[in-house]
Amino acid sequence: MSEKKPRTGPLTFFKQVRAEGSKVTWTTRQETIAATIMVLIMVVIASTFLFLVDFVWGILIPMITGAA
Numbered sequence: 395m396s397e398k399k400p401r402t403g404p405l406t407f408f409k410q411v412r413a414e415g416s417k418v419t420w421t422t423r424q425e426t427i428a429a430t431i432m433v434l435i436m437v438v439i440a441s442t443f444l445f446l447v448d449f450v451w452g453i454l455i456p457m458i459t460g461a462a
């Protein structure tokens, strides 16, 4: 069986969290902006594609079924 770790108090826990947070390599402001712009561009592309597919299906289905 696994051994139980000793409990730590809240103060020790937050000190450990702070120590781990300081080890993280955070992105720069420029990297964050570039990634955000890329995501927004991809969202616009995907939304446009889905809109066009829906629009075309909306025209084709009534023509095929004769409901037009």
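The sequence shown runs 395 to 462 under this note's numbering. Glycine is no exception: its CB is placed at the ideal position from the N, C-alpha and C atoms.
Please state whether DSSP places residue i in a helix, a strand or coil.
i	result
E397	coil
G452	helix
V418	coil
T459	helix
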